[in-house]
Amino acid sequence: MWAFIHKLGSPRWFYGMSAKMQPWFWAAAVLLLVVGSLWGLAFAPADYQQGNSFRIIYVHVPAAFLAQSIFIAMAVSGLVFMVWKIKVADMAATVMAPFGAVMTFVALFSGAVWGVPTWGTWWMWDARLTSMLILLFLYIGVIALRSAFTRRDSGSRAASVLTMVGVINIPIIKYSVDWWYTLHQTASFTLTSRPTMPTQMWLPLVIMLLGFYCFFIAITLMRTRSEILRREASKRWVQELLTDPMLSTATKKAR
Amino acid sequence: MIAVKATLLRDLTLLLRRRGEILNPLVFFALVITLFPMAISPDPALLAIIAPGLLWVAALLAALLSLDSLFRSDYDDGSLEQLLLAPHSLAALSLAKVAVHWLLTGLPLALIAPLLGVMLSLPTGSYAVLALSLALGSASLSLIGAIGAALTVGLARGGVLLSLLVLPLTIPVLIFGVGAVQAAIVGSGVAAHLAILGALLAASLMLAPWAIAASLRISING
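Chains A and B supply the protein sequences, listed in that same order. Position 26 of the first sequence, counted from 1, bears residue number 523 in this note's numbering, the numbering being contiguous throughout. Position 51 of the second sequence, counted from 1, bears residue number 895 in this note's numbering, the numbering being contiguous throughout.
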């Protein structure tokens, strides 16, 4: 187990291993997303109050889940990078940030679209919308700070510190905003209690959630691989890989 | 402990010799407050409703404005490097610097806020709470803001970036600070809001110095 984790720290080993894992996550993501969206959009029963507009939930909730999980994943990667100086962790955190920002935006945008039929307005200064908006600003801050440094290593460490500070603050911000004002319904979907939605409605949601997570893992693996190639471009193994791709796949198979 | 005291005294002396820098945030605070009646309406009834929020947001921005210079001059003349080399806890030394910043920015802001409150026809009975909440809250703002200042001190144009990094993190302080003043106006319990502001301060006192120290090391070591 520990040997496996230690090996993950080597960019070269990570590059090889992620090549094997990547197709599985892509396949799972495509399968789950296709099944989930078909089921959710076409076959799940319409809500008795909201009609068909409730189907936005199948994009909105997974995006919101991911937006929060990605920030935590970035903070964990930042911690790993700061404590053990594992470069792969920082590369992963680098590529996760824009994706997390996009997911936050998707959650905000789908929430705004959903607001029109249900609340009658695009924007409402409600607790969850507001804390999502703040999360978006935190993402933008991390991305901006990283790119502000001319030396990549300083930028990486600064971004890691800011991500960790942010992750401590997120629950505080969330609870203070909740306390400040709330109009949004309370969470209708938790992992601990039985769902209040009928099975026909929440099962596609679970599938969509898993699909979004698989998609996130797949795209992170893919983009981390290109980040490895970019940063390790001067290393011999990368140059060998790039000059003779046939040979390297052959040697990989031989191993 | 002696080193912390020495840093405190040094920073205090340095800042007291440049009085302009202490005055600037206060003048900025007063100016921003002057803009609002002109931009919105001079109607006292309307101003009284929005006064707590205006005062808090303006004070927040004024405190933020002064943060950029917190480590800047020490970075430029190299004394920040000496602090890093000193055989004392960098967290404790940076806490001393933050304490000076609060004493000469946050506290004066809290003290002149009631005066500006009178001009915005803030309801009577909330002045003490306004000053107290600003004094408590600005201490947390100095601590949280110092993390951003330490992260951006090595950058040529860190000013706007600093606000971008720090403002989202200050939202809880703002919410409970304004909440305290509004509770005082309505006449409901103020203690809860002030207690939460105190809790935020305690938490940032505990955690922020380490983040500031780590950020200073990143900025100095390049």
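We put the beta carbon where it would ideally sit given N, CA and C, even for glycine. Because the structure is a prediction, the values reported are computed rather than measured.
Asked	Found
Since Tyr512 (chain A) contacts Gly537 (chain A) with CB under 8 Å, what's their CB separation in whole angstroms?	About 36 Å; that fails the 8 Å criterion.
Note down the Cα distance separating Leu739 (chain A) from Ile714 (chain A), rounded to an integer number of angstroms.	25 Å
On the criterion of 16 or more Cβ atoms from any shown chain inside 10 Å, does Asp920 (chain B) qualify as buried, or is it exposed?	exposed
CB-CB under 6 Å to Pro559 (chain A), same chain, minus the five flanking residues each way: which ones, in chain order?	Met705, Leu706 and Phe709
In or out: Asn549 (chain A) buried (at least 16 other Cβ within 10 Å) or exposed?	exposed
With DSSP as the reference, please indicate the residues paired to Gly506 (chain A) in a beta bridge.	The partner list for Gly506 (chain A) (beta bridge, DSSP) is empty, contrary to what the question assumes.
For Pro869 (chain B), which of B:Asp887, B:Leu1018, B:Leu911 and B:Leu879 has the nearest alpha-carbon?	B:Leu911
Do we get a CB-CB distance below 9 Å when we pair Phe872 (chain B) with the residues of chain A?	no
Can you pull the chain B residues whose beta carbon is under 7 Å from the beta carbon of Asn468 (chain A), in chain order?	Here chain A has residues from 498 to 752 only, and residue 468 (chain A) is not among them.
Is the CB-CB distance between Ala907 (chain B) and Ile877 (chain B) below 9 Å?	no
Do Ala539 (chain A) and Ile1062 (chain B) have their CB atoms nearer than 9 Å?	no
Run through the DSSP bridge pairs and tell me what Asp544 (chain A) is partnered with.	A:Gly548
May I ask you to report which of helix, strand or coil DSSP gives Gln865 (chain B)?	A quick correction: the sequence has Glu, not Gln, at residue 865 (chain B). DSSP places Glu865 (chain B) in helix when its eight states are reduced to three.
Assign Glu737 (chain A) to one of two classes, buried (16 or more other C-beta atoms within 10 Å of its C-beta) or exposed (fewer than that).	exposed
May I ask you to report which of helix, strand or coil DSSP gives Thr618 (chain A)?	coil
Ends of the alpha helix (DSSP H) at Phe709 (chain A)?	Thr696 to Arg728
Cutting at 7 Å between CB atoms, please list the residues of its own chain near Trp619 (chain A), excluding the five before and the five after it.	Ala609, Gly612 and Val613
Taking only three categories from DSSP, how would you classify Met1067 (chain B)?	Limits of chain B in this structure are 845 at one end and 1066 at the other, which puts residue 1067 (chain B) out of reach.
Would DSSP call Thr647 (chain A) helix, strand or coil?	coil
Can Ala1024 (chain B) and Leu964 (chain B) be called in contact, C-beta distance under 9 Å?	no
Is the beta carbon of Trp1054 (chain B) sitting closer than 9 Å to the one on Gly981 (chain B)?	no
Pull up the CB-CB distance for Ile1056 (chain B) and Ala935 (chain B), whole angstroms please, since I reckon it's below 8 Å.	7 Å
Thinking just about the alpha-carbon of each residue, which of A:Ala516, A:Ser653 and A:Arg720 is nearest to the one in Gly575 (chain A)?	A:Ser653
From what residue to what residue does the alpha helix (DSSP H) around Gly575 (chain A) run?	Ile554 to Trp581
So what's Ala930 (chain B) in DSSP terms, helix, strand or just coil?	coil
Closest to Phe634 (chain A) by C-alpha separation, out of A:Ala564, A:Met579, A:Phe646 and A:Leu700, would be which residue?	A:Ala564
For Ser711 (chain A), which of A:Ile567, A:Pro668 and A:Met621 has the nearest alpha-carbon?	Here residue 711 (chain A) is Cys; the residue named in the question, Ser, does not match the sequence. The residue with the shortest Cα to Cα distance from Cys711 (chain A) is A:Ile567.
Against chain B, does Trp677 (chain A) count as a neighbour if the rule is that its beta carbon must be under 9 Å from one of theirs?	yes
Nearest by alpha-carbon distance to Asp623 (chain A): which of A:Phe501, A:Asn666, A:Ala590 and A:Trp676 is it?	A:Trp676
May I have the straight-line CA-CA distance separating Leu853 (chain B) from Leu1011 (chain B), to the nearest angstrom?	29 Å
Identify which residue in A:Ala500, A:Val639 and A:Pro508 has its Cα closest to the Cα of Lys732 (chain A).	A:Pro508
Anything in the region 1033-1062 of chain B with a Cβ closer than 7 Å to a Cβ of chain A? List those residues in chain order, please.	Leu1051, Ala1055, Ala1058, Ser1059 and Ile1062
Pick helix, strand or coil for Ile884 (chain B), following the three-state DSSP scheme.	coil
For the alpha helix (DSSP H) containing Ser731 (chain A), list its first residue and its last residue.	Looking at the DSSP string, Ser731 (chain A) is not in any alpha helix (DSSP H), and its letter there is neither H nor E.
If the criterion is Cβ atoms closer than 9 Å, does the pair Ser628 (chain A) and Ile1019 (chain B) meet it?	no
Measuring only the C-alpha atoms, how far is Ala541 (chain A) from Thr615 (chain A)?	19 Å
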